[in-house]
Structures are given as structure tokens and as C-alpha cells.
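Residue numbers (my numbering), protein chains in the order written: chain A, 52 to 193; chain B, -11 to 189.
We put the beta carbon where it would ideally sit given N, CA and C, even for glycine.
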Amino acid sequence: MRSTMAETKPDGSNVEVAYTPSTRDRIPGGIAVAAFLAAFVGTFTLAVVNVFTVASKDFNAWVYGVGKLWMPGAAGIGPYSGKETLALVGWLGSWIILHFVLRKKELEVGRWFVAFLVGLGIATTLIWPPVYEHLAELIAGH
Amino acid sequence: MDATHDTRDMREASTGSLIAVVVIMIASALAFTFMTAPFEKLLGPGGGALAAAIHGTMAFLYLFVGTIGLYLGWRLLTGHIRAFADLQLLSVVAATFSLLAICFGNWLYIYYRMPIPESPRSYFVKNMPPVHAVFFEFKEFGALFTLPLAVAAAFILWRYGVQVVERKWLRYSVGVLMGLAFFYLVVAFGLGAAVTKLRPA
């Protein structure tokens, strides 16, 4: 890996070609882990909430009510507003908590990132309509 | 002459001049359009034409920035990044366009799902049920995935700075996060374009 910050051109002037090596203290890996785990929590929250809105009309109505609490135009986009709201709360809320819990911990970023990828894959599977409709039927007992 | 201090031919363009160029170019294009073209024809006849135009523009700009970000993310992942500062800046721009595309997408969604027979959703449910039930539903959720992924990548790049370049798994994480954000963007963009082509809002 090249870490030099300047290279001399043939005409003698300097040009920046790479980056300046960090002079700061090593930042714990927990901060990065908190950031991408929170992204997983947000996407997974969206997927799970969506499954249960399809499974239960009462829950769907509650989710719609959550969206109508604050989102402009919520009446026009229906329960989707509440799903977005809960995903946003899950994402940012978990990020705040995880950040303060993990910010001084030197975690293995690689191991946690692989776990994140698995989780994101599950969340993606859960938002595929044939999958969540089938799950909703199972939950509703049809 | 001391070459180290000879910066006459290396001075960067000022931010003000760059903004001025962009503003002048956009203003010229808009002025030309308004003077020569029927604007309502450009937008289309539907009630959601303006929302669709803005949402589409944001999504297109995000696709443009995301493509460059994907390349720089790949260079980062493989350890050959040279334009690290550009990647930092681009990651924030990409996250911002993701947010804007989602916000304007919400506005457009109002027109899409209007409870009238002419709305796109009513049309699809009646004539092509899978278009709404599978593709649009997947698009509307998948598009939301871009925001936390893009923000996480931008946050790590800014919080860790060049330590990202120096630490293998941070490089991998950011490169893959940017790649994943681009993947969900392309899926949402493609499905959105197809839906618009079939039945504009």
C-alpha cells in the first residue's frame, strides 16, 4: 500500500498522489461495528414490521397511526409511512445505543462485518413479496 | 526555484467558482427549455408529473454519483485508492442523494397509490397484478436500504479518516457497503423506471 503524500513531477513541482498517513491515535473498531450493525437493525426492522403488517390488520392500523403522527403526506402513502418511521427509529436509535456501548471497544471488524452481511441477506429475503406473504400467512394461521 | 513552493499551476479551483459554473449551466439549460419547449409536455400529463420528475432526477443523480463511488470503493477495497479525499466527499453526496430520492419518492408514492381507477396501482392491480404485488413492493422496500448503507459508509470514512486505508477490514467494510448501496439503488432504479414506463403517475 502506497502511503506517500507527494510525488515529484518531471518539471520539479509536487503533486498529491495518495494520502497523508494518519497521525491520530488508533480509533477503536467498535465505532465502525456500531455503524453497520445499526444499518442492519434498521433494514431488519423494516422487513419484520412489514411481515407483521401483512399478517395482522390491527398491527397494520397501528403502524399506519405511527406514520400519521409526524410524516407529511402520510395519509396518502398509508402504512408505508409507519414502516419507514419504525425503520428510522430502529436504525438511528440502535446506532446511538450501540455507539455509546461499543465506541471504546476494540472489536474484530471482519467478524462483525460478516455477521452484518448475513443479517442483511436475511432482511433482503424478508422483503421479497412471495416470502413475506407466505410468512404472514403462517403467522396469521391461515 | 524551490519546487516545493511552486504551486502556481497546481492551484485548485475555488469552491465559489465551481458552484458558479454549475449554477450558470443549470440556469442556461432551464432558460433554454422554458423559452423553447412546452414545459407541461416535458413533465407529462399526470398529476404526479412534477413529483416523478424530481424523484427521477434525484435517483439519476444518485446513480451517477453511486457509479463513481462504486469505482472508488473498489479501488479502496483492493488497496489501490489514490483519491481518498474524493471518496470521502462522494460518500456524503451519495448518502444525501439517497435521502432526497427517498423523500421525493414518498411524495410520488401518493400519486401512485391514489384510490382512483386511473392511478398506477389501481391499473396494475386490475391488469398486471404481479407488477404491483411483487416488483413495486420489493422496490419500495429495497430502495430504503440504500440510506443506512450509504450513511454507514460515509460515517466510517469520515470518522476514521485515512485509518480506513491502513486497516484491511475497514477497507473491505466500506468498499462492500458502497457496493451494496449501489446494488439496492440499481434494483430500485430499474424497477422504478419499468413501472413508470408501464404506467406513469
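Going by CA-CA distance only, name the one from the options that's closest to residue i.
i: residue 115 of chain A; options: A:188, A:131 and A:92; result: A:131
i: residue 55 of chain B; options: B:22, B:166 and B:182; result: B:166
i: residue 172 of chain B; options: A:176, A:190, A:185 and A:186; result: A:176
i: residue 166 of chain A; options: A:189, A:146 and A:89; result: A:89
i: residue 68 of chain B; options: B:91, B:152 and B:144; result: B:152
i: residue 133 of chain A; options: A:107, A:170 and A:97; result: A:97
i: residue 43 of chain B; options: B:91, B:134 and B:63; result: B:91
Determine the direct distance from the alpha carbon of residue j to that of residue i, and round the result to whole angstroms.
i: residue 195 of chain B; j: residue 105 of chain B; result: Residue coverage of chain B in this structure runs from -11 to 189, which leaves residue 195 of chain B outside it and unanswerable.
i: residue 77 of chain A; j: residue 141 of chain B; result: 18 Å
i: residue 117 of chain A; j: residue 125 of chain B; result: 20 Å
i: residue 9 of chain B; j: residue 16 of chain B; result: 11 Å
i: residue 114 of chain B; j: residue 52 of chain B; result: 35 Å
i: residue -2 of chain B; j: residue 72 of chain B; result: Reliability of the predicted coordinates at residue -2 of chain B is poor, the pLDDT of 49 falling under 50, and no value is obtained from them.
i: residue 70 of chain B; j: residue 75 of chain A; result: 20 Å
i: residue 177 of chain B; j: residue 2 of chain B; result: 34 Å
i: residue 105 of chain A; j: residue 122 of chain B; result: 14 Å
i: residue 57 of chain B; j: residue 192 of chain A; result: 45 Å
i: residue 163 of chain B; j: residue 18 of chain B; result: 37 Å
i: residue 179 of chain B; j: residue 25 of chain B; result: 29 Å
i: residue 38 of chain B; j: residue 154 of chain B; result: 46 Å
Need the endpoints of the alpha helix (DSSP H) that residue i sits in, please.
i: residue 35 of chain B; result: That residue, residue 35 of chain B, is in no alpha helix (DSSP H); it is neither H nor E in DSSP.
i: residue 122 of chain B; result: Taken as a continuous stretch (DSSP letters only), residue 122 of chain B belongs to no alpha helix (DSSP H), as it is neither H nor E.
i: residue 23 of chain B; result: 3 to 24
i: residue 150 of chain A; result: 131 to 153
Given residue i, which residues of its chain have a CB within under 8 Å of its CB, disregarding the five upstream and five downstream residues?
i: residue 97 of chain B; result: 128
i: residue 34 of chain B; result: 40, 99, 188 and 189
i: residue 139 of chain A; result: 93
i: residue 102 of chain A; result: 177, 183, 186, 187 and 190
Can you pull the chain A neighbours of residue i, defined as C-beta to C-beta under 8 Å?
i: residue 149 of chain B; result: 73 and 75
Taking C-beta pairs closer than 7 Å, name the residues in chain A that residue i reaches, listed in chain order.
i: residue 157 of chain B; result: 160, 161 and 164
i: residue 197 of chain B; result: Because chain B is modelled from -11 through 189, residue 197 of chain B falls outside the range shown and cannot be assessed.
Can you pull the chain B neighbours of residue i, defined as C-beta to C-beta under 9 Å?
i: residue 82 of chain A; result: 143, 144, 147 and 148
i: residue 124 of chain A; result: 94, 95, 97 and 98
Leaving aside the five residues before and after residue i along the sequence, list all residues of the same chain whose C-beta is less than 7 Å from its C-beta, in chain order.
i: residue 84 of chain A; result: 153, 158, 160 and 163
i: residue 146 of chain B; result: 76
So which residues on chain B does residue i lean against when the C-beta distance must stay under 7 Å?
i: residue 135 of chain A; result: 132
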